[in-house]
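In the numbering used here, the protein residues as written are 35 to 324.
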């Protein structure tokens with residue numbers, strides 16, 4: 035890209051961009067220019083900046099108005115406030131999903147930071163949902179266009195987890211927040227545990243490119259999901275969605291210090307399986323400030 039203080043290269047032939055250092059500190063990357071590149075490409079990888087965990091946190095804050103706290107309490111935190119977590123400690127492959135897209139607080143930005151790559155395999159994978167949508171079979175695409183998905187968690191959200199997920203466990207504050215959500219139903223049991231369900235499109239419009247995107251957690255979430263009319267999603271739909279996402283899969287070949295910024299409302303992510311117990315990749319979630 036001409037007249038920029040950094041180098042760029044395509045991440046794949048259909049989406050994503052690698053931004054490489056050209057003797058410019060990570061902290062001095064121009065906000066407006068990076069934001070525009072992100073809106074266009076959906077995934078940005080920052081490489082060659084020698085980023086530390088503190089650099090990662092600072093970059094996230096530079097482009098974010100709010101940090102999110104992942105609802106999984108079992109992920110290991112590597113920051114005092116619990117915002118920076120290591121990803122799922124298991125070594126199994128994880129299919130395409132959009133983080134917390136089963137929740138109306140669905141964050142706009144998914145971030146990853148490679149502390150140490152696996153000796154072999156273990157690539158994080160990214161999937162442009164705009165391209166995946168185009169590759170769905172016509173029957174599947176029409177079904178997703180017509181019927182939204184209803185999400186439920188398989189267990190109540192306890193008061194201590196309400197604070198983590200929604201930012202408060204105060205009943206009045208929660209009810210005021212829930213009143214701002216569309217198509218959200220909930221109740222509290224006698225112990226104060228929260229049950230809720232949320233209905234949303236499986237193929238929303240990507241925010242910056244205004245195109246339908248296959249961007250949800252249907253393939254890779256522990257949440258319970260059905261069509262909004264209560265009907266079960268046919269198995270052939272799952273196979274078709276898996277096939278469409280595999281056609282656009284991009285494997286991120288991690289190097290220590292890499293940072294990746296993902297449009298969590300357009301691009302899904304996952305992981306290749308691995309054996310190395312010392313692989314360490316950290317993650318953050320946030321709302322963009324642009």
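Beta carbons are placed, not taken as given, at the ideal position from N, Cα and C, and that holds for glycine.
Thinking just about the alpha-carbon of each residue, which of the options is nearest to the one in residue i?
i           : options            : result
residue 62  : 85, 130, 185       : 85
residue 46  : 264, 284, 294, 290 : 284
residue 23  : 75, 154, 129, 188  : The requested residue 23 does not occur in the structure, where the chain is confined to residues 35 to 324.
residue 218 : 202, 280, 204, 187 : 187
residue 80  : 192, 41, 229       : 41
residue 90  : 193, 312, 293, 297 : 293
residue 39  : 222, 68, 49        : 68
residue 164 : 146, 74, 269       : 74
residue 309 : 44, 65, 207, 124   : 124
residue 267 : 177, 92, 102       : 177
residue 250 : 136, 257, 149, 276 : 136
residue 59  : 221, 93, 311       : 93
residue 287 : 209, 269, 313      : 313
residue 128 : 255, 323, 48, 259  : 255
residue 160 : 295, 324, 311, 323 : 295
Could you check the C-alpha separation between residue i and residue j for me, to the nearest Å?
i           : j           : result
residue 51  : residue 83  : 15 Å
residue 156 : residue 307 : 5 Å
residue 168 : residue 54  : 30 Å
residue 130 : residue 76  : 15 Å
residue 132 : residue 238 : 12 Å
residue 227 : residue 173 : 39 Å
residue 318 : residue 196 : 19 Å
residue 95  : residue 300 : 21 Å
residue 121 : residue 184 : 26 Å
residue 272 : residue 304 : 16 Å
residue 321 : residue 225 : 32 Å
residue 275 : residue 193 : 35 Å
Residue i lies in the beta strand (DSSP E); which residues open and close that run?
i           : result
residue 131 : 128-131
residue 93  : Taken as a continuous stretch (DSSP letters only), residue 93 belongs to no beta strand (DSSP E), being part of the alpha helix (DSSP H) at 87-96.
residue 297 : 293-297
residue 51  : 51-54
residue 322 : 314-322
residue 304 : 301-305
In terms of residue numbering, what span does the alpha helix (DSSP H) encompassing residue i cover?
i           : result
residue 279 : 269-281
residue 211 : 205-212
residue 196 : 193-200
residue 69  : 65-75
Comparing the C-beta of residue i with each C-beta of chain B, is any distance below 8 Å?
i           : result
residue 273 : In the structure shown, chain B cannot be found, because there is only a single protein chain.
How do the segment 260-267 and the segment 134-143 stand: do at least 3 beta-carbon pairs fall below 8 Å, yes or no? Not touching, per the Cβ criterion.
Is the segment 221-238 touching the segment 246-262, taking contact as three or more C-beta pairs under 8 Å? Yes, since at least three Cβ pairs between the segment 221-238 and the segment 246-262 fall closer than 8 Å, the two stretches touch.
What are the start and end residues of each continuous beta strand (DSSP E) run of 3 or more residues lying completely inside the segment 163-188, in chain order? Taking only runs of at least 3 residues, the beta strand (DSSP E) segments lying wholly in the segment 163-188 are 183-186.
Which runs of the beta strand (DSSP E) spanning at least 3 residues fall entirely within the segment 224-256, listed in chain order? Runs found: 228-234.
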